[in-house]
Amino acid sequence: MQCCKKNPIKSNLHLEKPIYKINLFHPNTSLVVDFLKDFEQLHAYYCKNGVVSLSAKQVNKAYGIQAIIKDHKD
46 MQCCKKNPIK SNLHLEKPIY KINLFHPNTS LVVDFLKDFE QLHAYYCKNG VVSLSAKQVN
106 KAYGIQAIIK DHKD
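Residues 46 to 119 in the numbering used here are what the sequence shown lists, from first letter to last.
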């Protein structure tokens, strides 16, 4: 799978690095809301463009930002 030519996405990335966030996409937002009712351990951030960003309730976005800064100091 490939996001774009510059940033390929590896299907086994979750085995190599900790994952702090997952994005969920569906054109019908009500289906997403109903689906997430079964996952109380997740916090959902609903974006204006229909994307839902998911993270574990005990982890916030600062965790991911710190990891990015550490890996990409330039």
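A virtual CB, placed ideally from N, CA and C, is assigned to each residue, including glycine.
Opening and closing residue of the beta strand (DSSP E) in which residue i lies
i   : result
S98 : 96-101
F70 : 67-70
H88 : 87-91
CA-to-CA distance, residue j to residue i, given in whole angstroms
i    : j    : result
Y108 : H59  : 16 Å
C92  : F80  : 17 Å
I110 : G95  : 22 Å
N68  : D83  : 17 Å
Y90  : S75  : 14 Å
V78  : D116 : 34 Å
7 Å Cβ shell around residue i - same chain, five flanking residues per side excluded
i    : result
Q103 : none
Proximal residues to residue i (C-beta, below 6 Å), its chain only, five neighbours per side dropped
i   : result
D87 : Asp is not the amino acid found at residue 87; the sequence shown has Leu there. Taken in chain order, the residues that qualify are L99.
Residues of its chain near residue i, where Cβ-Cβ distance is below 8 Å and the 5 sequence neighbours each way are ignored
i   : result
P72 : G95
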